[in-house]
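Colleague: Could you have a look at this structure, given as structure tokens, before my questions?
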Amino acid sequence: MEKNMSLEVARLIGQPINDNLPVPVELSEVADTFTAEPGEKMWVYGSYDTDADEILDIDSNGDITVVKRDPLSDTQLTFKGYNSQLEYVLVEAVVNNPDVQVLARKKARISHGMDKTELRAVLKAITDSSAVQSVAKESGEDLYDVIMKAKHKVEDYGDNYILLAGSQVNDAIDTFDKDNAGTFNYNVTIKQMLANAGIKVVKVFGKVKNTGDSVEEVLLNTKRFILVARNSRIAEGKPIIFVRRKLSGEIAKLMGAEVDQAQRALVVNPTPVNVAGTNKLAYAVYGCEFVVQAIVNPLAIVKCTNDVV
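Heads up: the sequence shown runs through residues 619 to 927, numbered per the working numbering.
Here it is, written out as structure tokens:
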């Protein structure tokens, strides 16, 4: 009975992923996204310009391992596991008359948390990497100057740009024209100028906690930005790849998920659940997945290394 109820919880919650938006929107803007079949090896082509001769393999904490491209063969990358925060569902919420709203909220929380963790790992890898190009705001420069400086630094390696903007940078873009109206000597409309330069602004906001302490980390420094050239001239596709492994049919069935779509496993532990030293009559629920995240063309990315607002 216990085992059957655990499986029932998993079935009711289903796969903790949005089938309509399976990858965080910010990540989908700057990364080529794929799925891999169970047991399939992950590799990237080695036929790239020698200007980009390294792949930056990213683990679940955003730490980087440099993988040298083999000029004679393909370069293989390995999958890393992600686990969500442990949630729990009270037994009374699922016995006899399941409270679907409670289960839906648990599913949403698991999904959002894992999405933010994926995005944070990529952003951390970019900001920590010495292989990624960088710019800094100098005396006398304004926000537009620094963005253009970043664009000029990366334009030899690609175009079709995405500006991943911290929340305060995004706000400064919104108010830039009014804030500087008194000092303009010519017609300046920053949003139009960015659009003319082929730069799309995407706001990055939110926090995530990946450790057992109480410290939350912002996904991206609110006063900084990252510029990504999505159409590279030295490597095929976007400069970042994201691959999530599909789960086996057996695991997908236990989750109550579509066998050909399941990409995140939902694990349900039997009751009781220990919460802060107290046993609760509940089922523990957490999600796990296996992904490859890598920067395959660091020259197509520019990060700002100091505060621009």
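We put the CB at the ideal spot given by N, CA and C, even for glycine.
(1) Would you kindly check if the distance between the Cβ of valine 787 and the Cβ of leucine 812 is under 9 Å?
(2) So what does DSSP say about leucine 630, is it helix, strand or coil?
(3) Going by Cα to Cα distance, which pick from Asp733, His730, Val822 and Val709 is closest to proline 890?
(4) Let me check understanding here. Comparing Cα to Cα, which of Gly816, Ser747, Glu759 and Val820 lies closest to glycine 776?
(5) Does the beta-carbon distance from isoleucine 791 to alanine 722 come in below 9 Å?
(6) Less than 9 Å between the beta carbons of serine 702 and tyrosine 904, yes or no?
(7) Could you compute how far the alpha carbon of alanine 894 sits from the alpha carbon of proline 916?
(8) Of all the alpha helix (DSSP H) runs that stay within the bounds of the stretch 821–876, which reach a length of 4 or more residues?
(9) How big is the Cα-Cα spacing for proline 656 and serine 624?
(10) Can you look up glycine 731 in the DSSP assignment and give me helix, strand or coil?
(11) At the level of alpha carbons, what is the spacing between serine 785 and valine 662?
(12) Quick one: grab the DSSP three-state call for tyrosine 666.
(13) I'd like the span of the alpha helix (DSSP H) that includes isoleucine 791, first residue to last.
(14) Can you tell me whether serine 665 is buried or exposed, with buried defined as 16 or more other CB within 10 angstroms of its CB?
(15) Looking at the structure shown, is leucine 721 part of a helix, part of a strand, or coil, going by DSSP?
(16) What first and last residue would you give for the beta strand (DSSP E) that runs through lysine 686?
(17) Taking the beta strand (DSSP E) that asparagine 814 falls in, what are its first and last residues?
(18) Would you call the stretch 630–645 and the stretch 729–736 touching, i.e. three or more CB-CB distances under 8 Å?
(19) Do you know offhand how far valine 627's Cα is from alanine 875's?
(20) Quick one: any contact between the stretch 738–750 and the stretch 793–800, if contact means 3 or more CB pairs under 8 Å?
(21) Going by DSSP, what residue range makes up the beta strand (DSSP E) through lysine 921?
(22) Give me the Cα-Cα distance between threonine 668 and leucine 704, rounded to the nearest whole angstrom.
(23) Out of curiosity, what's the CA-to-CA distance linking phenylalanine 652 and glutamate 756?
Modeller: Let me lay it out:
(1) As a working note, residue 812 is residue 194 in the sequence shown. As a working note, residue 787 is residue 169 in the sequence shown. It is not a contact, given that the beta carbons lie outside the stated cut-off.
(2) For this step, residue 630 is matched to residue 12 along the sequence shown. The answer is helix: DSSP assigns leucine 630 an H, G or I state.
(3) Here residue 890 refers to the residue found at position 272 when the sequence shown is read from its first residue. Minimum Cα distance to proline 890 is reached at Val709.
(4) The count along the sequence shown starts at 1 and reaches residue 776 at position 158. For glycine 776, the nearest C-alpha among the options comes from Gly816.
(5) The sequence position of residue 791 within the sequence shown is 173, counting from 1. The sequence position of residue 722 within the sequence shown is 104, counting from 1. No.
(6) For this step, residue 702 is matched to residue 84 along the sequence shown. For this step, residue 904 is matched to residue 286 along the sequence shown. Yes, the pair counts as a contact, with Cβ atoms nearer than the cut-off.
(7) Position 276 of the sequence shown, counted from the start, is the residue given in the question as residue 894. Position 298 of the sequence shown, counted from the start, is the residue given in the question as residue 916. About 43 Å.
(8) 867–873
(9) Taking the first residue of the sequence shown as 1, we reach residue 656 at position 38. Taking the first residue of the sequence shown as 1, we reach residue 624 at position 6. C-alpha separation (whole angstroms): 24 Å.
(10) The residue you call residue 731 lines up with position 113 of the sequence shown. Three-state DSSP puts glycine 731 in a helix.
(11) Residue 785 sits at position 167 when you count from the first residue of the sequence shown. Residue 662 sits at position 44 when you count from the first residue of the sequence shown. One C-alpha to the other measures close to 33 Å.
(12) If you number the sequence shown from 1, residue 666 lands on position 48. No answer about tyrosine 666 holds up, because its pLDDT of 48 lies below 50 and its placement is not dependable.
(13) Position 173 of the sequence shown, counted from the first residue, corresponds to residue 791. From DSSP, the alpha helix (DSSP H) with isoleucine 791 extends over 785–797.
(14) Here residue 665 refers to the residue found at position 47 when the sequence shown is read from its first residue. The predicted position of serine 665 is uncertain, since its pLDDT is 47 and thus under 50; no value can be drawn from it.
(15) The residue given as residue 721 occupies position 103 in the sequence shown. Note: leucine 721 maps to helix in three-state DSSP.
(16) In the sequence shown, the residue the question calls residue 686 occupies position 68. 682–686 is the span of the beta strand (DSSP E), which, as asked, contains lysine 686.
(17) Numbered from 1 along the sequence shown, position 196 holds the residue referred to as residue 814. Per DSSP, asparagine 814 belongs to no beta strand (DSSP E); it is in the alpha helix (DSSP H), 808–814.
(18) yes
(19) In the sequence shown, counting from the first residue as 1, residue 627 sits at position 9. In the sequence shown, counting from the first residue as 1, residue 875 sits at position 257. Between valine 627 and alanine 875, the C-alpha separation is close to 12 Å.
(20) no
(21) Reading the sequence shown from its first residue, position 303 is the one you call residue 921. From DSSP, the beta strand (DSSP E) with lysine 921 extends over 919–922.
(22) Here the question's residue 668 lines up with position 50 in the sequence shown. Here the question's residue 704 lines up with position 86 in the sequence shown. Summary for threonine 668: the model assigns pLDDT 48, below 50, so the residue's position carries little reliability; its value from the coordinates is reported in the next sentence. Rounded to the nearest angstrom, the two C-alpha atoms are 44 Å apart.
(23) Numbered from its first residue, the sequence shown carries residue 652 at position 34. Numbered from its first residue, the sequence shown carries residue 756 at position 138. Between phenylalanine 652 and glutamate 756, the C-alpha separation is close to 39 Å.
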